[in-house]
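Protein chains in written order, with our numbering: chain A, 478 to 779; chain B, 60 to 500; chain C, 1074 to 1348. Glycine residues also receive a C-beta, built at the ideal position from the N, C-alpha and C atoms. Being a predicted model, the structure only gives us computed values, none of them experimental. What follows is one structure encoded as structure tokens, with my remarks underneath.
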Amino acid sequence: MMKKNRSLREAASAIPFLLPSVVGMIFFSLLPIVISVFISLTDWDGLAALSLGTLAERFIGFGNYQNILGGEEFWRVLKNTCYYIVLYIPLVLIASLGIATLLNKGKKGTAVMRILYYIPVLTSWVAASLIWKWVLSSQYGILNQLLALIGIKGPEWLTSEIWAMPAIVLASVWKDMGFFGLFLTSGLASIDKTYYEAATVDGAGRIKTFFKITLPLLTPSIFFCLVMALINAFQLFPQVMIMTEGGPNGATQVMVERIYNYGFRYFKMGYAAAFSWLLFIIIFILTSIQMKLQKGWVHYES
Amino acid sequence: MKKRRIKTMLAAGLALIMIISLAGCGGGGSAEPENTADTDANTTVAAEAASEAANEEEVTITFANFNASGGNEETLEEMYLAFQQEYPNIKVDIETIGYDDYFTQMQTRVAGNTAPDCYELNIENFAAYAAKGVLAEITEVDFAGINETALSAFNVDGKQYGVPGSFSNVVLIYNKELFDQAGIEYPTDDWTWDDVQVAAEKIKGLSDDNFGIYAPVTYNEFFKVAAQYGGSLLNEDKTEFTINSAENIQAAQMMVGRIVDSNVQPNSSQMGGMDDWSLFESGRLGMIPTGIWAFGTFTEECDFEWDICVEPGGTQKATHFFSNAYVINADSDKSEAAATWINWLASSGEAAKLRIEKGWDLPAITDESVLSAYLEITPPENRQAVFDSLNYLVTPPIIEEYSLMSDIITGKLEEAASGKITAQEALDQAQAECESRITLK
Amino acid sequence: MNRKKILHNIGFYAIAVLVSIVVLIPFFWMISTSLKSKGALMALPIQWIPENPTFSAYEKVFTRFPFMRAAFNSFLITVSYTLITLISASMAAFAFTKIKFPFSNGLFKMYIASMMIPTQVTLIPLFIIMNKMELINTYPSVILPSLFKAFGVFLLVQNMRTIPDDFMEAAKIDGAGKFKIYRIVILPLCLPTLATLCITTFMESWNDYLWPLLMLTEKKKMTLTLALNSLNGQYATEYNVLMAGSLLSMIPIILVYIIAQTQSKKGSLEGGVKG
Chain A
478 MMKKNRSLRE AASAIPFLLP SVVGMIFFSL LPIVISVFIS LTDWDGLAAL
528 SLGTLAERFI GFGNYQNILG GEEFWRVLKN TCYYIVLYIP LVLIASLGIA
578 TLLNKGKKGT AVMRILYYIP VLTSWVAASL IWKWVLSSQY GILNQLLALI
628 GIKGPEWLTS EIWAMPAIVL ASVWKDMGFF GLFLTSGLAS IDKTYYEAAT
678 VDGAGRIKTF FKITLPLLTP SIFFCLVMAL INAFQLFPQV MIMTEGGPNG
728 ATQVMVERIY NYGFRYFKMG YAAAFSWLLF IIIFILTSIQ MKLQKGWVHY
778 ES
Chain B
60 MKKRRIKTML AAGLALIMII SLAGCGGGGS AEPENTADTD ANTTVAAEAA
110 SEAANEEEVT ITFANFNASG GNEETLEEMY LAFQQEYPNI KVDIETIGYD
160 DYFTQMQTRV AGNTAPDCYE LNIENFAAYA AKGVLAEITE VDFAGINETA
210 LSAFNVDGKQ YGVPGSFSNV VLIYNKELFD QAGIEYPTDD WTWDDVQVAA
260 EKIKGLSDDN FGIYAPVTYN EFFKVAAQYG GSLLNEDKTE FTINSAENIQ
310 AAQMMVGRIV DSNVQPNSSQ MGGMDDWSLF ESGRLGMIPT GIWAFGTFTE
360 ECDFEWDICV EPGGTQKATH FFSNAYVINA DSDKSEAAAT WINWLASSGE
410 AAKLRIEKGW DLPAITDESV LSAYLEITPP ENRQAVFDSL NYLVTPPIIE
460 EYSLMSDIIT GKLEEAASGK ITAQEALDQA QAECESRITL K
Chain C
1074 MNRKKILHNI GFYAIAVLVS IVVLIPFFWM ISTSLKSKGA LMALPIQWIP
1124 ENPTFSAYEK VFTRFPFMRA AFNSFLITVS YTLITLISAS MAAFAFTKIK
1174 FPFSNGLFKM YIASMMIPTQ VTLIPLFIIM NKMELINTYP SVILPSLFKA
1224 FGVFLLVQNM RTIPDDFMEA AKIDGAGKFK IYRIVILPLC LPTLATLCIT
1274 TFMESWNDYL WPLLMLTEKK KMTLTLALNS LNGQYATEYN VLMAGSLLSM
1324 IPIILVYIIA QTQSKKGSLE GGVKG
């Protein structure tokens, strides 16, 4: 009897803490999501005024899903998206880890560097894409000029079918490494100094300390960055729209770019909704796998 | 110490939020016309006029556009003030939105039932909006004085769904100095693409850095060049695609050949990320067919002499016609006032004069005297070519799935321009893809 | 020993400077472009030093639209948005990590899942919901969505999970209720993470474009980002004005960043169990 009351009281105490967030979730997330599920089951064009009536008229069941999965476009853009992810995730994690480590040394000038490294994050993709279009120019761009200094003939980046995606990866890593670096920095900062002191007492060298103490204790932050980077990477969009518009020859067409075009240019919103639900399922599965695996490598102090 | 600071911050924040919410909920939702202080004088005049003309009630309509963004907002304001002199009882709430996100925004508003009474559309989107029934037919308005071709572009099945607000066309712009250097005569209105090819090769021969011509290998160029060889993308009544007709293939081969065979036109890696205008401005490009909206920029940027002529043809001439339309929301209950406003914008003498004076773009009207002011401005010398081009106008083939069709064709043409496939293959594949993915009514 | 230290220092600074340059070159180009008069802005090869550097682009930014008004709107919205996010997300994270309640796991999974839906598709439904609630063209329409920030909740959950439960036990023994524990024990320990969340939320809200574009239709409610983006025309964009505006728009965020960084440093020094 007593136990039940206590756990009930315990559970009830969560309510005030959860209320603002959950109320927000219901109105600004859940409801639109449910509506978009219905939309995906219709061939609504995204223009005619949306109402229950409109949706009922255009109901086509799973037709959209069948068309998408049966076509070649979905699988092609999925492949492109995966190409991006496989390059982007390791690069951005290593780069941001590098930055975080650099900033954690506490040497003079760290405060200034903190600001500098974060500036790319603050620029809008419009400005950043213009800048990178120039950087990546095969003839006049600074990237190829630098490569030439060390004797490498740089590829044609944005106009090459093979190198366009790596080009986008480069621009994205440049823009995001400060972002993830920030989280890793605060993660590094919250590692208790006593661990380091103990390590020094034990006579451990710098590298050993890093791998045996710093990294393991940083895993919650790394895990966070990994999950967020993956979710964001699957939703790659503004850079592609501005820098390559899906070209050359469809080499950089990715899932959200397709969703946007179908929903807002070809007036096939139902199709776009179905497409995005398929995307959701993919991300969901991958993230669930990550969550399950985290027990294997993420260390929480408790 | 830390905690107290957080506490005060939180308290201040909560107070701030409450104040905002109250202010927001209270004040939101009421749209007021955004005008300068001059309007106060106008409003008094309007009030008087209103009380005099007992039939005229005051009406406020909402109007959205993108054409004024990027430098012409003031001109639009001036036009509105002139409009108010003539129709003091109609107030217009003007919204000018940047081009890039205009259509996403407009589509959302239409779907959400909050679209303005009247707004602007480009050709690409017009057909879809008209076909899906979200536009009102424009009646009770006198279309006299508006250019016929322009009007017809926005006429669907005999009903007028838009008025052309402005139009632009494309002419051939050439670098006089390069022609002098190569010892060739300047292009004339009689030229064909064969003449252009000869000139282009000579200009390219002047230096490795030079190129003879640049015409984008995209859908927008293609439908026009196809017309110059007597071809078209759809059949007469728009029930079938005719993308890979013999004439079209000839047109595509000519366009692609310039890049892939004779290389008088740079390919994408030779451009290195630079855009075509910059190439022309750098003095390395002999000819460029581009829009008349380039005049202002070229005047400022080019330090060589340039001029224009009517775009060369193949077996016949065909020139581009770009126009933006003003349309009326089918759900608007103020369509009469809206129709008056957009018709005035499109065809009135005052609006036209302002448009030309400020170098905005051309009004789609037939009144030669107003248009003549346009001819006075130089460079280029041969501005007459802009009006001569009007004789050969072709409008894009407007179908409901316009964007999808243009994307498919542009995609295939790009592949041909990069040498991956031949022009014939590109058109065959485009034909197949359009047939399978687009249903024509 | 000393030589090793000097080498280390040189190595460190060399890398640091190299990274700085890589990060900043594009940024220099932004500044350079913003100082150009209407010139060959996109010409290649790049013109690093403008021929006639001028502030005309900046002038245009201030005169083209009511800059101060837009900046004020941006501040109002972004500050409110950030505060609500910090409060709401930290409370939710506290509940998820430190309170046992049924379906806690399931609810958390829903939070994470909500981040996986591309916004393009929920845009119109959300718009319609806002319309039905009659919130269009009001400040709350852009502020209220901050109540639900799965990203913030996730971030804080990761952080709060590393706080040992003994801290809470100590407070409980002292007779503290849940809210007091939240306020006095957990929040201070999360300060670095809260500062980080503050920065990212501020930035996201400040730079947010599509949603304010749809929600704030009146010119006097326009945010700075909205105003800047209205500069692109159908055929041409004034890149120098665009860059000038973007640079100006970055200043407030940088300031917030600096402030939050200094707060966070103080916090991490103070952190830890006392006694």
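Problem set entry | Interface partners of Q712 (chain A) on chain C, CB under 7 Å | Those within 7 Å of Q712 (chain A) in chain C are P1191.
Problem set entry | Sequence-distant residues of the same chain with beta carbon closer than 7 Å to A285 (chain B), five excluded per side | Around A285 (chain B): S291, L292, E306, N307, A310.
For this session: Please list the partners that L1228 (chain C) has in chain A, where partner means a Cβ-to-Cβ separation under 8 Å.
Result: Neighbours of L1228 (chain C) on chain A, chain order: F660, F701.
Exercise. Along chain B, in chain order, which residues have C-beta atoms closer than 9 Å to that of E1028 (chain C)?
Worked result: Here chain C covers residues 1074 to 1348 and nothing more, so residue 1028 (chain C) does not appear.
Problem set entry | Three-way DSSP call (helix, strand, coil) for P92 (chain B) in this model | With a pLDDT of 37 at P92 (chain B), under the threshold of 50, the modelled position of this residue cannot be trusted, and the question is left open.
For this session: Measure the C-alpha to C-alpha separation of Q622 (chain A) and W611 (chain A) and round it to an integer number of angstroms.
Result: If I take the Cα positions, the gap works out to 12 Å.
For this session: Tell me, please, which residues DSSP counts as bridged to I124 (chain B).
Result: At residue 124 (chain B) the sequence reads Asn, which differs from the Ile that was named. Answer by DSSP bridge pairing, in chain order: B:T155.
Problem set entry | Boundaries (first-last residue) of the beta strand (DSSP E) holding E179 (chain B) | Run containing E179 (chain B): 177–180, per the beta strand (DSSP E) assignment.
For this session: Select from B:L210, B:D152, B:D268 the residue whose C-alpha is nearest the C-alpha of A423 (chain B).
Result: Of the listed residues, the one whose Cα sits closest to A423 (chain B) is B:L210.
Exercise. Do you know offhand how far D466 (chain B)'s Cα is from I719 (chain A)'s?
Worked result: Rounded to whole angstroms, D466 (chain B) to I719 (chain A) spans 16 Å at the Cα level.
For this session: Determine the contact status of P51 (chain B) and D366 (chain B), defining contact as a CB-CB distance below 8 Å.
Result: There is no way to answer for residue 51 (chain B), as the model of chain B reaches only from 60 to 500.
For this session: Return the CA-CA distance between S38 (chain B) and A353 (chain B), expressed in angstroms with no decimal places.
Result: Since the displayed chain B opens at 60 and closes at 500, residue 38 (chain B) lies outside it and no answer follows.
For this session: Rounded to whole angstroms, what's the CA-CA distance from L1080 (chain C) to Y1086 (chain C)? Just pull it up for me.
Result: Roughly 10 Å between the two C-alpha positions.
For this session: For S110 (chain B), I'd like the list of residues in its chain whose CB is within less than 7 Å of its CB, leaving aside the five on either flank, ordered along the chain.
Result: The predicted model places S110 (chain B) with a pLDDT of 42, which falls under 50 and marks its position as unreliable; any figure quoted below should be read in that light. Beyond the five residues adjoining it in sequence on each side, S110 (chain B) comes within less than 7 Å, by CB distance, of no other residue in the same chain.
Problem set entry | T671 (chain A), buried or exposed, once every other Cβ within 10 Å from all chains shown has been counted against 16 | The residue is exposed, with fewer than 16 neighbouring Cβ atoms inside 10 Å.
For this session: Within its chain, find whatever has a CB closer than 8 Å to the CB of I537 (chain A); leave out the 5 residues flanking it on each side and keep chain order.
Result: The answer, listed in chain order, is L518, T519, D520, G747.
Problem set entry | Alpha-carbon spacing of K1347 (chain C) relative to M502 (chain A), whole angstroms | Model confidence at K1347 (chain C) stands at a pLDDT of 32, short of 50, so the residue's coordinates are unreliable and nothing is read from them.
Exercise. What are the residues of the stretch 510–533 of chain A that lie near chain B, defined by any Cβ-Cβ distance shorter than 7 Å?
Worked result: Going along the stretch 510–533 of chain A in chain order, one finds D522, G523, L524, A525, A526, L527 with a Cβ nearer than 7 Å to chain B.
For this session: State the Cα-Cα distance for the pair N1082 (chain C) and S698 (chain A), rounded to the nearest angstrom.
Result: The C-alpha of S698 (chain A) is placed about 27 Å away from the C-alpha of N1082 (chain C).
Problem set entry | Alpha-carbon spacing of V386 (chain B) relative to Y139 (chain B), whole angstroms | Rounded to whole angstroms, the gap between the alpha carbons of V386 (chain B) and Y139 (chain B) is 17 Å.
For this session: Starting from the C-beta of N124 (chain B), find all residues in its chain whose C-beta is less than 7 Å away, skip the five residues before and the five after it, and write them out in chain order.
Result: Closer than 7 Å at Cβ, skipping near neighbours: T155, Y178, E179.
For this session: Check the Cβ-Cβ distances between Q240 (chain B) and every residue of chain C, and say whether any is below 8 Å.
Result: Between Q240 (chain B) and chain C, the shortest Cβ-Cβ separation is not below 8 Å.
Exercise. Mind checking whether P509 (chain A) and P1218 (chain C) have CB atoms under 8 Å apart?
Worked result: Taking 8 Å as the Cβ cut-off, P509 (chain A) and P1218 (chain C) do not qualify as a contacting pair.
Problem set entry | Residue from C:F1200, C:A1268, C:T1298, C:A1317 with nearest C-alpha to N1146 (chain C) | Ranking the options by Cα distance to N1146 (chain C), first place goes to C:T1298.
For this session: With a 10 Å radius around its C-beta and 16 neighbouring C-beta atoms as the bar for buried, classify L485 (chain A) as buried or exposed.
Result: Burial call: exposed.
Problem set entry | the ligand NAD heavy atom lying under 7 Å from the CB of M1241 (chain C) | Questions concerning the ligand NAD fall outside what the structure shown contains, since it holds no ligand whatsoever.
Exercise. Given a limit of 8 Å on CB to CB distance, which residues of the stretch 151–175 of chain B reach chain A?
Worked result: If the cut-off is 8 Å between Cβ atoms, the stretch 151–175 of chain B has F162, T163, Q166, V169, A170, G171, N172 near chain A.
Exercise. What first and last residue would you give for the beta strand (DSSP E) that runs through D366 (chain B)?
Worked result: Counting along the chain, the beta strand (DSSP E) containing D366 (chain B) begins and ends at 365–368.
For this session: Starting from the N-terminal side, write out each stretch of the alpha helix (DSSP H) that is 4 residues or longer and does not extend beyond the stretch 530–582 of chain A.
Result: Every alpha helix (DSSP H) of 4 residues or more that sits fully in the stretch 530–582 of chain A is shown, in chain order, as 540–547, 549–581.
Exercise. Exposed or buried, P1237 (chain C), counting other C-beta atoms within 10 Å across all chains shown (16 or more means buried)?
Worked result: The residue is exposed, with fewer than 16 neighbouring Cβ atoms inside 10 Å.
For this session: Give a yes or no on whether the C-beta atoms belonging to L613 (chain A) and W634 (chain A) are separated by under 8 Å.
Result: Result yes, Cβ atoms of L613 (chain A) and W634 (chain A) sit closer than 8 Å.
For this session: Note the first and the last residue of the continuous beta strand (DSSP E) segment covering A384 (chain B).
Result: Here the beta strand (DSSP E) through A384 (chain B) covers 381–387.
Problem set entry | Nearest candidate by alpha-carbon position, reference K1294 (chain C), set C:V1215, C:G1248, C:E1311 | It is C:V1215.
Problem set entry | Contact with chain B by F1200 (chain C), beta-carbon distance below 8 Å | Interface residue (Cβ-Cβ distance to chain B less than 8 Å): F1200 (chain C) is classified as such.
For this session: Identify each residue in the stretch 112–146 of chain B for which the Cβ-Cβ distance to at least one residue of chain C is less than 7 Å, and report them in chain order.
Result: Look at the stretch 112–146 of chain B: the residues with a C-beta under 7 Å from a C-beta of chain C are F125, N126, S128, G129, G130.
Problem set entry | D267 (chain B) versus E260 (chain B) - alpha carbon distance | Roughly 12 Å between the two C-alpha positions.
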